[in-house]
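*Asks:* Have a look at the structure that comes next, please.
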Amino acid sequence: MMANHSAVGDTQEISDGEFLRFRRLLQQHAGIALSDNKKALIASRLQKRLHTLGIGYSDYLQQIEHPAQTEERQCAIELLTTNETYFWRESAHFGLLTEAARGAQQAGREFRAWSAACASGEEVYSMAMALQNLCDQGLGLRWQILGSDISMRMLQRAVKGHYPLQRAQQLPRELLSRYCLRGTGEQQGSLLVARELRRNISFAAINLIDAMPQLGRFDAIFLRNVLIYFDAETKRRVVHKLIKHLRPGGLFCVGLAENLGTLLDGSMAGLQSIAPGAYRLSEQE
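Under the numbering used here, the first residue of the sequence shown carries the number 114, and numbering increases by one thereafter.
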């Protein structure tokens, strides 16, 4: 018998039409523009889920395209979009973060930062370590961090603050020893972020292409290594929405491989480049 292109467990035979439907779904619900060469990614990311459900691509698409199937659709989006990250990634930005925090402290206000695509939380805790380290050096800094992501599965990991130790290879040793507990016995090879850091951190599920909740203003917003997945118009809309939540003079960071480039026009002209992947909002409203 010839194999059907939607056969369960088949990672090679996703049709062009099915691939197009997955691309449209990701664009509509997550703002992600999947390139033409990502068929294999879809197949590998969904293989286990399709095997669990006992269905093929066509049946799965019918399910997640149905308006009522929000839970399974979210599961598919998470499987197709989440990537592993690590502590202290693109470390120069944490130096800029601490500079911004000193400015807030001198102005006598609490420093608020937002990691807007925080995945499993390593970026949030890296920011927290940088800020708490200032406090431990004697700076009377009050700070809060919000971490948000589209993926509930990633946010659940972030809340736990429990990671493989290898994710901390780039983390300065003094920060690792001061703010992380190393696992022993059955937990050897892992780390747990210290409770003192987690007190000042909150997490929320936020889809950046949807209407934003009332979040107030932030002194720093990190939107790193996510814009590369958006098309030009989605990038423009997302950046425009986020900088509305940035204080005048606030820090806005994207990934080092990302460039706001032509987005810095019109209503976003107030963002000025200050370092690779880093921008400052004009002091004027």
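Beta carbons are placed, not taken as given, at the ideal position from N, Cα and C, and that holds for glycine. What you are looking at is a predicted structure, and each value in this text was computed from that prediction instead of being measured.
Cα-Cα, which of Ser290, Gln301, Arg291 is closest to Pro277?
*Replies:* Start at 1 with the first residue of the sequence shown, and residue 277 comes out as number 164. Checked all of Ser290, Gln301, Arg291; the closest Cα to Pro277 is Gln301.
*Asks:* Which of the three DSSP states is assigned to Ala388 in this structure?
*Replies:* On the sequence shown, position 275 is the one that residue 388 refers to. Residue state, collapsed to three classes: strand.
*Asks:* Could you pull out every residue in the same chain whose Cβ sits closer than 7 Å to the Cβ of Gln158, ignoring the five residues on either side in sequence?
*Replies:* Residue 158 sits at position 45 when you count from the first residue of the sequence shown. In the sequence under discussion, the amino acid at residue 158 is Arg, which differs from the Gln named in the question. Closer than 7 Å at Cβ, skipping near neighbours: Leu192, Leu193.
*Asks:* Pull up the distance between the alpha-carbon of Arg337 and that of Ala232, whole angstroms please.
*Replies:* Locating residue 337 in the sequence shown gives position 224, where the first residue counts as 1. Locating residue 232 in the sequence shown gives position 119, where the first residue counts as 1. Each residue's Cα considered, the two are about 11 Å apart.
*Asks:* Taking the DSSP output, what are the residues bridged to Asp129?
*Replies:* Numbered from 1 along the sequence shown, position 16 holds the residue referred to as residue 129. DSSP lists no partner for Asp129.
*Asks:* Can you have a look at Thr297 and say buried or exposed, based on whether 16 or more other CB atoms are within 10 angstroms of its CB?
*Replies:* If you number the sequence shown from 1, residue 297 lands on position 184. Burial call: exposed.
*Asks:* Alpha carbons only, please: which of Asp323, Gln282, Ser386, Gly221 is nearest the one belonging to Ile263?
*Replies:* In the sequence shown, counting from the first residue as 1, residue 263 sits at position 150. For the residues Asp323, Gln282, Ser386, Gly221, the minimum Cα distance to Ile263 belongs to Asp323.
*Asks:* Mark Asp249 as exposed unless 16 or more other C-beta atoms lie within 10 angstroms of its C-beta, in which case mark it buried.
*Replies:* What you label residue 249 is simply residue 136 of the sequence shown in a count that begins at 1. Exposed, by the Cβ-count rule.
*Asks:* For Arg330, which three-state DSSP category applies?
*Replies:* Counted from its first residue, the sequence shown places residue 330 at position 217. Reduced to three states, the DSSP call for Arg330 is coil.
*Asks:* Does Gly260 pass the burial test, meaning 16 or more other C-beta atoms within 10 Å, or should it be called exposed?
*Replies:* The residue labelled residue 260 in the question sits at position 147 within the sequence shown. Per the 10 Å Cβ criterion, buried.
*Asks:* Which of the three DSSP states, helix, strand or coil, is assigned to Gln175?
*Replies:* Working through the sequence shown from its first residue, we reach residue 175 at position 62. The answer is helix: DSSP assigns Gln175 an H, G or I state.
*Asks:* Decide if Thr211 is buried, meaning its Cβ has at least 16 other Cβ atoms within 10 Å, or exposed.
*Replies:* For this step, residue 211 is matched to residue 98 along the sequence shown. Thr211 should be labelled buried.
*Asks:* Whole angstroms is fine: what's the gap from Glu396's alpha carbon to Lys161's?
*Replies:* Within the sequence shown, the letter at position 283 stands for residue 396. Within the sequence shown, the letter at position 48 stands for residue 161. Rounded to whole angstroms, Glu396 to Lys161 spans 50 Å at the Cα level.
*Asks:* Using only alpha-carbon positions, find the residue among Arg137, Ala143, His142, Gln141 that is nearest to Asp149.
*Replies:* As a working mapping, residue 149 is identified with position 36 in the sequence shown. The candidate whose alpha carbon is nearest that of Asp149 is Arg137.
*Asks:* What is the rounded straight-line gap between the Cα of Leu166 and the Cα of Tyr173?
*Replies:* Position 53 of the sequence shown, counted from the start, is the residue given in the question as residue 166. Position 60 of the sequence shown, counted from the start, is the residue given in the question as residue 173. Near 9 Å, if we compare the C-alpha coordinates of Tyr173 and Leu166.
*Asks:* Is the segment 348-356 touching the segment 169-188 in the sense that three or more CB pairs, one from each, lie closer than 8 Å?
*Replies:* Short answer: they don't touch.
*Asks:* Could you compute how far the alpha carbon of Gly122 sits from the alpha carbon of Met267?
*Replies:* Counted from its first residue, the sequence shown places residue 122 at position 9. Counted from its first residue, the sequence shown places residue 267 at position 154. Because the pLDDT at Gly122 is just 41, under 50, the model does not fix this residue reliably, and the value given afterwards should be weighed accordingly. Distance between the alpha carbons of Gly122 and Met267 is about 25 Å.
*Asks:* Using a threshold of 9 Å, state whether the C-beta atoms of Gly144 and Leu252 are closer than that.
*Replies:* Locating residue 144 in the sequence shown gives position 31, where the first residue counts as 1. Locating residue 252 in the sequence shown gives position 139, where the first residue counts as 1. Going by C-beta atoms, Gly144 is not nearer than 9 Å to Leu252.
*Asks:* What is the DSSP secondary structure of Leu305, counted as helix, strand or coil?
*Replies:* As a first step, residue 305 must be located in the sequence shown, where it is residue number 192. Leu305 falls in the strand class under three-state DSSP.
*Asks:* What distance in whole Å lies between the Cβ atoms of Ile314 and Ala241, which are believed to be in contact at a cut-off of 8 Å?
*Replies:* Indexing the sequence shown from 1 puts residue 241 at position 128. Indexing the sequence shown from 1 puts residue 314 at position 201. Rounded, the Cβ-Cβ distance is 6 Å, consistent with contact.
*Asks:* Which of helix, strand or coil does DSSP assign to Leu288?
*Replies:* In the sequence shown, the residue the question calls residue 288 occupies position 175. Helix.
*Asks:* Determine the extent of the beta strand (DSSP E) in which Arg295 is found, giving its start and end residues.
*Replies:* As a first step, residue 295 must be located in the sequence shown, where it is residue number 182. 293-295 is the extent of the beta strand (DSSP E) around Arg295.
*Asks:* Just confirm the distance between the C-beta atoms of Glu236 and Arg280, as a whole number of angstroms; I'd bet it's less than 8 Å.
*Replies:* As a working mapping, residue 236 is identified with position 123 in the sequence shown. As a working mapping, residue 280 is identified with position 167 in the sequence shown. About 11 Å separates the two Cβ atoms, so there is no contact after all.
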